[in-house]
Structure formats: structure tokens, C-alpha cells
Amino acid sequence: MDDLFPPFAPDANEPRPRRFKPVPFRMIAPNMITLMALCLGLTAIRLAFEGKFEPAVIAIVAAAFLDGIDGRVARMLKGTSRFGAELDSLADFVNFGCAPALILYGFALKELRSVGWIVALIFAIAMALRLARFNAMLDDPSRPAWKKDFFVGMPAPAGALTAMLPLYLHFLGLPMERWAAPVVLGYMLCIALLVVSTVPTFSGKTMGKRVPRDWVLPIFLVVVAAFGLFISFPFEAMVAMALGYLITLPIGAAQYRRRAKAEAKGAAPVAILEEPAGPAEAVPNRGVDI
């Protein structure tokens, strides 16, 4: 019977369990901001189910603000990581794909039943595809540096905030009659197509790295005025921002084409100089390549 239950004796030569190094707080802080944004997106979905569309929209706007600062905080603290990048993409899909789609479905698209739900699905899936393409393009080493000034397609936060334009107008007193549901459906479908399109849009990532000294005080005044207007007239400001962003789309595309043509003209002479000169024996005194 003793052979059936031998005593347990750990091997003295067995390696010690691996001890993980403590994680510095600078690596955790950006992820905490991302998780706060994710909580806001999930809360917006709950508020939409309860019919509280105003606070739901405010939650999405706050999530977009946190999404705009988490990456900058990570770079400032030197706390960027692959984990943080993946977490940010998953949070963006919930906050700017699922949440706006469900909010707009509960607001207007449910009147169209299955057709409205299909468009809500298209919007959410378009946002997922856009985020997947963005992550894939980050690993492209051949992408020119100037293209960092542009996104390919409408970015996720801008797509979500622009898609909720009908809600802003409703909060300002625009009546939503039975004709409104098809209009919201068509508008939301257009935004979904812009999200997955290849239309170049301004990114703003390289803005603000160096500010001329003469502009510092005027920028402070503009920021304070904009903040005051947003606090006093939030939905009027959101309407102005959404319409202003839509107006800048053709401007960004034209600027991208202009810079692409300039790059092509600058690369043409280089391509001519880099053409092979023929076989090595046709080049006299070739010497040794260094």
C-alpha cells in the first residue's frame, strides 16, 4: 500500500519559480486612462438602453477625450507597450464602434427594425476593420514620414462623434419625425463608408510639438474661450465641430495629393540616378565597393 501513495519530496535541483520584475507606474498609468475610457463607453451603452441619450452622448465625448490623451501620456512618460496598444484598439472598438451604433439604434434606427439593425452592424464592423487596418499600417517600415500627418480614412473617435450629429440636433430642438429614421440610416451608412475608405484625413499628431513664442498667449485665450463655449453650449459646439470636420475632409484629401505629387517629383531624379549602369565589365576602373 505504501507504493500507491509515495511521499512527495520536491527535487532540490528543480529551478526556482520565476519571479517577475515589478512594473513601473509609468507603464500602468496610460492603461488606466484607457480603462477609464472603456468604462465610459460601456456606461454609455447602459444609458442608451435606459433611454438617457444625453448622458450617453456625453460619456462618448468624454471617452474620446481620454482616448486622445492616453497615447500622449504614454509617450510623455515613456510607458508605451504592445499591451497598451492592443488594449487601446479594443477599447476604441467598444467606445467608437459598438456604443455609437447601439445609441443610434435605440434613438432612431429601431423604427426601421431589421434594416436599422443591419446598418448598426455595418457601422460597428466598419470601425473594427478600420482599427485593424490602422494597427497593420503601424508596422509598415516603408511608409514615408510625412504620411504620419494623415489618417487613412476617418479615424475612430471622429467617426463616432460625427455619426452622432443627428442626436446633437435633436437635443437642440430639432423634431425627429418618422422621416428622420431613414435620414439617420443613410447618414450613418455614409460615415461607416468614410471610416473604411482610403480617403486621407488630417491626423494632427505632429501639431503642437513646437509652438512659436508669439502664439503662446493667443493659444491660451483660444483654448479658454473654446472650453467656455463647450461648457455653456455643449451640443451647439458639437454640431459646429462635426460640421467643421466634415468640411475639412476634402481639404485634407487635396493637401495629401499635393504632398504626394511633390514627393513623386522629388523622387523622379533619384530614380534616374539609381538606374543600373550595365555589366561590371563595361565600367572602367570600378575598384572595390565600400
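Heads up: the sequence shown begins at -18 in this note's numbering, then just goes up one per residue.
Just so it is clear, CB atoms sit at the ideal spot from N, CA and C, and this is done for glycine as well.
Environment of residue i [buried if 16+ CB atoms lie within 10 Å]
| i | result |
| --- | --- |
| CYS79 | buried |
| ASN76 | buried |
| VAL203 | exposed |
| MET219 | buried |
| ARG56 | exposed |
| ILE271 | Residue placement at ILE271 cannot be trusted, given a pLDDT of 40 that sits under 50; what the coordinates show is reported in the next sentence. So ILE271 ends up on the exposed side. |
| LEU119 | exposed |
| PRO250 | Any reading at PRO250 must be qualified, since the residue scores a pLDDT of 48, below 50, and its modelled position is unreliable; no value is offered. |
Spatially closest choice to residue i from the options, by CA coordinates
| i | options | result |
| --- | --- | --- |
| ASP69 | ARG94, ARG27, MET13, ILE200 | MET13 |
| ILE41 | PRO3, LEU83, PRO5, ALA173 | LEU83 |
| VAL54 | ALA10, PRO5, VAL177, ILE39 | ALA10 |
| PHE6 | PHE214, THR61, ASP130, ILE228 | THR61 |
| ASP48 | VAL38, PHE64, LEU21 | LEU21 |
| ARG159 | MET8, ALA43, GLU92 | GLU92 |
| VAL176 | VAL197, ALA162, ARG111, MET17 | ARG111 |
| ASP51 | ALA221, VAL164, MET8 | MET8 |
| ARG239 | LYS128, VAL205, ALA117 | LYS128 |
| GLU67 | ALA117, PHE214, VAL96 | ALA117 |
Euclidean distance between Cα positions of residue i and residue j
| i | j | result |
| --- | --- | --- |
| ILE26 | PRO3 | 35 Å |
| ILE212 | ALA44 | 16 Å |
| GLY233 | ALA207 | 23 Å |
| ILE200 | MET108 | 33 Å |
| VAL100 | CYS171 | 10 Å |
| ALA252 | ALA245 | With a pLDDT of 43 at ALA252, under the threshold of 50, the modelled position of that residue is not reliable, and no figure is offered here. |
| VAL192 | THR179 | 31 Å |
| PHE34 | LEU155 | 15 Å |
| GLY209 | GLY247 | 46 Å |
| LEU16 | LEU71 | 10 Å |
| GLU31 | HIS151 | 17 Å |
| ALA221 | LEU148 | 13 Å |
| ALA105 | VAL164 | 18 Å |
| ALA197 | LEU58 | One point to set straight first is that residue 197 is Val, not Ala, in the sequence displayed. Distance between the alpha carbons of VAL197 and LEU58 is about 24 Å. |
| PRO36 | TRP98 | 22 Å |
| ARG94 | THR24 | 24 Å |
| ALA241 | VAL133 | 14 Å |
| ASP195 | VAL96 | 54 Å |
| ARG63 | MET135 | 23 Å |
Beta carbon of residue i nearer than 7 Å to that of residue j
| i | j | result |
| --- | --- | --- |
| LEU153 | PHE216 | yes |
| ALA137 | ASP73 | yes |
| LEU85 | MET169 | yes |
| PRO283 | TYR226 | Residue 283 lies beyond the range of the chain shown here (-18 to 271); nothing can be said about it. |
| VAL38 | MET145 | yes |
| ALA29 | GLY87 | yes |
| ALA274 | ILE103 | Nothing about residue 274 can be read from this structure; the chain reaches only from -18 to 271. |
| PHE131 | SER184 | yes |
| ALA284 | THR143 | With the chain represented from -18 up to 271, any question about residue 284 goes unanswered, as that position is not in the structure. |
| PRO81 | ALA141 | yes |
| ALA89 | ALA161 | yes |
Enclosing alpha helix (DSSP H) for residue i [first to last residue]
| i | result |
| --- | --- |
| THR182 | It is not in any alpha helix (DSSP H) - THR182 instead sits in the beta strand (DSSP E) that spans 181 to 183. |
| GLY97 | 95 to 119 |
| VAL75 | Neither: VAL75 is in no alpha helix (DSSP H) and is coded neither H nor E. |
| PRO198 | Going by the sequence as given, residue 198 is Leu instead of Pro. Looking at the DSSP string, the run of the alpha helix (DSSP H) that includes LEU198 is 197 to 213. |
| THR24 | 6 to 30 |
| VAL192 | Neither: VAL192 is in no alpha helix (DSSP H) and is coded neither H nor E. |
| ARG53 | 34 to 58 |
| THR166 | The residue asked about is misnamed: residue 166 is Leu in this sequence, not Thr. Per DSSP, LEU166 belongs to the alpha helix (DSSP H) from 161 to 177. |
| LEU150 | 146 to 152 |
Extent of the continuous beta strand (DSSP E) to which residue i belongs
| i | result |
| --- | --- |
| PHE132 | 131 to 133 |
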